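Peer 1: Got a structure here, written out as structure tokens. Questions coming.
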Amino acid sequence: MLDILLHFAAILLLFLLLPLIVGQTEHKVMAHMQSRLGPMYAGGFHGWAQLIADGVKFAQKEDIIPAGADRRVFMIAPGVALVPYLVVLIVIPLDDGFVGVDLDVGLFFALAVMGVGVLGSIMAGWASANKFSVLGGMRSAAQLMSYELPLVLAASSVAMAAGTLSIPGIVEAWQWWWLPWQAIGAVVFFVAGLAELRRPPFDMPIAESEIIMGPMTEYTGMRFALFMLAEYVGIVVLSLLTTVLFLGGWQGPLLPGWLWTLVKVGALSFVVIWLRVSYPRLREDQLQRLAWVGLVPLALVQLALTGVVKVLSL
Amino acid sequence: MDGYFGSYLLVAVLLALGVGIVAVALTANRLLRPSRPTAEKLIAYECGVDPVGEGWAQSQIRYYVFIYLYVVFAVDAVFLFPWATVFAAPGFGMTTLVEMFVFLGFIALGIVYSWRKRVLTWT
Numbered sequence: 287m288l289d290i291l292l293h294f295a296a297i298l299l300l301f302l303l304l305p306l307i308v309g310q311t312e313h314k315v316m317a318h319m320q321s322r323l324g325p326m327y328a329g330g331f332h333g334w335a336q337l338i339a340d341g342v343k344f345a346q347k348e349d350i351i352p353a354g355a356d357r358r359v360f361m362i363a364p365g366v367a368l369v370p371y372l373v374v375l376i377v378i379p380l381d382d383g384f385v386g387v388d389l390d391v392g393l394f395f396a397l398a399v400m401g402v403g404v405l406g407s408i409m410a411g412w413a414s415a416n417k418f419s420v421l422g423g424m425r426s427a428a429q430l431m432s433y434e435l436p437l438v439l440a441a442s443s444v445a446m447a448a449g450t451l452s453i454p455g456i457v458e459a460w461q462w463w464w465l466p467w468q469a470i471g472a473v474v475f476f477v478a479g480l481a482e483l484r485r486p487p488f489d490m491p492i493a494e495s496e497i498i499m500g501p502m503t504e505y506t507g508m509r510f511a512l513f514m515l516a517e518y519v520g521i522v523v524l525s526l527l528t529t530v531l532f533l534g535g536w537q538g539p540l541l542p543g544w545l546w547t548l549v550k551v552g553a554l555s556f557v558v559i560w561l562r563v564s565y566p567r568l569r570e571d572q573l574q575r576l577a578w579v580g581l582v583p584l585a586l587v588q589l590a591l592t593g594v595v596k597v598l599s600l
Numbered sequence: 010m011d012g013y014f015g016s017y018l019l020v021a022v023l024l025a026l027g028v029g030i031v032a033v034a035l036t037a038n039r040l041l042r043p044s045r046p047t048a049e050k051l052i053a054y055e056c057g058v059d060p061v062g063e064g065w066a067q068s069q070i071r072y073y074v075f076i077y078l079y080v081v082f083a084v085d086a087v088f089l090f091p092w093a094t095v096f097a098a099p100g101f102g103m104t105t106l107v108e109m110f111v112f113l114g115f116i117a118l119g120i121v122y123s124w125r126k127r128v129l130t131w132t
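Just so you know, the protein sequences line up as chains U and X, in that order. Heads up, the first sequence is in our numbering, so the first residue is 287 and it goes up one at a time. Heads up, the second sequence is in our numbering, so the first residue is 10 and it goes up one at a time.
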């Protein structure tokens with residue numbers, strides 16, 4: 287029982303703290319990459335408390351629901367966007383033997399639950415009674431459809447290599463030479479994951495210069511904050527999944543296992559921020575093209591490579 | 010808390026916790042926020058100009074074809090998972106590898122077909 291409580295405490299801590307750290311890092315890293323300072327005032331030292339101040343502000347803001355909106359769907363959409371990312375954390379191991387539950391179909395479960403998060407954005411887009419939001423919601427749906435396939439194919443390549451769908455099992459089977467062997471799959475998985483999170487350069491659904499803020503246009507206050515939190519939890523979950531599937535999770539020399547996991551997650555989160563600053567937004571048709579003409583064939587090549595190496599090395 | 014139902018019970022508990030977090034956040038917001046709705050405030054924001062017509066406008070969704078493609082390929086991809094865990098088990102080896110290439114061939118053929126039919130591009 288104590289064991290379970292400890293796991294839940296770790297999951298909640300991860301869920302509530304890491305997104306804030308990633309968000310603050312994004313503020314500062316983006317600022318410095320663009321020759322700005324970023325937040326400097328809140329909390330005194332380099333604006334470290336900026337997101338806490340934001341949270342206090344969000345909690346006090348009036349909650350405006352447009353008169354024409356589909357009220358009930360509008361109200362629960364942020365919850366639908368956020369909660370799946372919390373549930374995914376239960377199958378991801380932080381250290382050897384430290385995992386919420388070791389499901390036999392952990393990888394399958396993680397992919398299935400992650401897909402639910404996008405529903406929140408489709409619901410928000412539809413319920414807002416706003417033409418641009420509907421467009422954004424449709425784009426979210428199309429993006430999920432296109433990028434789910436390379437994501438699933440790349441993930442099943444790892445399952446083939448490890449011979450199991452249990453995520454701790456995959457990390458245990460991981461060897462250093464999987465890095466070059468699964469390299470294509472890792473890139474495909476990470477890029478497709480980014481697209482599912484609707485992060486730049488794949489942020490066509492919220493493209494603010496043409497459809498305002500997409501599905502989130504009509505949201506204010508706490509509900510908007512929940513959407514933002516969902517985005518950053520999404521970054522953490524994607525980095526965690528990439529870490530445990532492709533980068534060996536807790537494995538590494540000298541440092542304790544949980545620290546290795548966090549170091550890898552931190553590095554991947556930094557890459558997510560870096561990509562946002564470096565690349566312009568893809569147009570809707572370019573975005574679909576990248577998935578079908580770029581990532582899916584690459585994922586199929588990875589599957590063939592995994593199969594051949596695995597069977598021949600026996 | 011062991012066994013099949015035990016582990017999914019834990020998943021359900023975490024799901025309930027998540028719903029609880031959202032509920033607490035929204036309740037805190039309800040207690041702290043002002044509520045002074047006016048008719049103007051409740052108009053949809055859209056792009057900052059007063060909206061014209063209904064909120065749900067008609068538009069051409071060109072990417073509906075991708076949905077068909079996805080459904081076809083996703084059903085295929087689901088078959089990969091049970092196969093992936095056993096394909097290299099003793100007694101399978103070469104046979105399953107050949108089967109895999111047949112499978113990949115079908116998917117690749119489907120993509121090439123839709124590409125030739127110009128489904129993947131629009132002008």
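From the three backbone atoms N, C-alpha and C, an ideal C-beta is built for every residue, glycine too. In this text, all values refer to a predicted model and were calculated from it rather than measured experimentally.
Using a 10 Å radius around the Cβ and a threshold of 16 neighbouring Cβ atoms, would you call Arg569/U buried or exposed?
Peer 2: exposed
Peer 1: Taking the CB atoms as reference points, tell me whether Lys550/U and Leu524/U lie closer together than 8 Å.
Peer 2: No. Outside cutoff.
Peer 1: Phe112/X: which of Val95/X, Ala86/X, Phe101/X sits nearest, CA to CA?
Peer 2: From the listed residues Val95/X, Ala86/X, Phe101/X, the smallest Cα separation to Phe112/X is found for Ala86/X.
Peer 1: When DSSP builds the beta bridges, which residues end up paired with Asp381/U?
Peer 2: Among the bridge pairs identified by DSSP, Asp381/U is matched with Phe384/U.
Peer 1: Between Val563/U and the rest of its own chain, which residues show a CB-CB distance below 6 Å, the 5 nearest in sequence each way excluded?
Peer 2: Met316, Met319
Peer 1: So with CB distances below 7 Å, who are the chain X contacts of Thr450/U?
Peer 2: Taking the beta carbon of Thr450/U as reference, the chain X residues within 7 Å of it are Thr94, listed in sequence order.
Peer 1: Alpha helix (DSSP H) containing Pro60/X: first to last residue?
Peer 2: Unbroken run through Pro60/X: none, as it is neither H nor E.
Peer 1: Taking Cβ positions only, does Val438/U come closer than 8 Å to chain X?
Peer 2: yes
Peer 1: Could you check whether the region 45-60 of chain X touches the region 360-377 of chain U, counting it as contact only if at least three pairs of C-beta atoms, one from each stretch, sit closer than 8 Å?
Peer 2: They do not touch, by the three-pair rule.
Peer 1: Report the rounded CA-to-CA distance for Pro583/U versus Val84/X, giving the unit in angstroms.
Peer 2: 17 Å
Peer 1: What number of angstroms, rounded off, separates the C-alpha of Asp289/U from the C-alpha of Leu299/U?
Peer 2: In this structure, the alpha-carbon of Asp289/U lies about 15 Å from that of Leu299/U.
Peer 1: Going by DSSP in three states, Pro539/U sits in which element: helix, strand or coil?
Peer 2: coil
Peer 1: For the region 53-112 of chain X, list the alpha helix (DSSP H) runs that are entirely contained and at least 4 residues long, ordered along the chain.
Peer 2: Counting whole runs of 4 or more residues, the region 53-112 of chain X contains the alpha helix (DSSP H) stretches 73-95.
Peer 1: How far does the alpha helix (DSSP H) with Ile307/U in it extend, from its first residue to its last?
Peer 2: 288-319
Peer 1: Output yes or no for whether 8 Å exceeds the beta carbon distance between Trp467/U and Val587/U.
Peer 2: Contact: no.
Peer 1: Under 8 Å between beta-carbons, which chain X residues line up against Thr503/U? List them in chain order, please.
Peer 2: Tyr54, Glu55
Peer 1: Identify the contact partners of Tyr122/X in chain U, using a Cβ-Cβ distance below 8 Å as the criterion.
Peer 2: Near Tyr122/X there are no residues of chain U at all, since even the closest Cβ is about 12 Å away, more than 8 Å.
Peer 1: Grouping DSSP H, G and I as helix and E and B as strand, with all else coil, what is Ala415/U?
Peer 2: coil
Peer 1: If you run the structure through DSSP and keep just helix, strand and coil, what is Gln429/U?
Peer 2: Reduced to three states, the DSSP call for Gln429/U is helix.
Peer 1: What residue range is occupied by the uninterrupted alpha helix (DSSP H) comprising Tyr17/X?
Peer 2: 12-41 is the extent of the alpha helix (DSSP H) around Tyr17/X.
Peer 1: Indicate whether at least one CB of chain U lies closer than 8 Å to the CB of Gly12/X.
Peer 2: no
Peer 1: Helix, strand or coil for Arg358/U? Go by DSSP, reduced to three states.
Peer 2: It is helical.
Peer 1: Helix, strand or coil for Pro46/X, going by three-state DSSP, please let me know.
Peer 2: Three-state result, Pro46/X: coil.
Peer 1: Helix, strand or coil for Ala339/U per DSSP?
Peer 2: helix
Peer 1: According to DSSP, is Asp571/U part of a helix, a strand, or is it coil?
Peer 2: helix
Peer 1: Could you check how far apart the C-beta atoms of Ala577/U and Pro491/U are, in whole angstroms? I think they sit under 8 Å.
Peer 2: That pair is no contact at about 14 Å.
Peer 1: Counting only Cβ pairs nearer than 8 Å, list the residues of chain X close to Ile408/U.
Peer 2: Within 8 Å Cβ-Cβ: nothing; Ile408/U doesn't reach chain X, min ~13 Å.
Peer 1: Under 8 Å between C-beta atoms, does Ser432/U make it to chain X?
Peer 2: yes
Peer 1: How would you list, in chain order, the residues of chain U whose beta-carbon sits under 7 Å from the beta-carbon of Arg42/X?
Peer 2: Residues of chain U passing the Cβ test: Gln346, Lys347, Glu348, Asp349, Gly507.
Peer 1: Round the Cβ separation of Ser432/U and Ile408/U to the nearest angstrom and send it over; I've been treating them as touching at under 8 Å.
Peer 2: Not really, about 14 Å apart at Cβ, beyond 8 Å.
Peer 1: Would you say Trp463/U and Gln537/U are within 8 Å of each other, going by their C-beta atoms?
Peer 2: Going by C-beta atoms, Trp463/U is not nearer than 8 Å to Gln537/U.
Peer 1: Alpha carbon to alpha carbon, what distance is there between Ala441/U and Phe475/U?
Peer 2: 7 Å
Peer 1: Phe75/X CB to nearest chain U CB: under 8 Å?
Peer 2: yes
Peer 1: Compare the C-beta of Phe110/X against all C-beta atoms of chain U and say whether one is closer than 8 Å.
Peer 2: Yes, Phe110/X lies at the interface with chain U (some Cβ there is under 8 Å from its Cβ).
Peer 1: Locate the alpha helix (DSSP H) running through Ser452/U, then write down its first and last residues.
Peer 2: Unbroken run through Ser452/U: none, as it is neither H nor E.
Peer 1: Kindly indicate which three-state DSSP category Glu496/U falls into: helix, strand or coil?
Peer 2: helix
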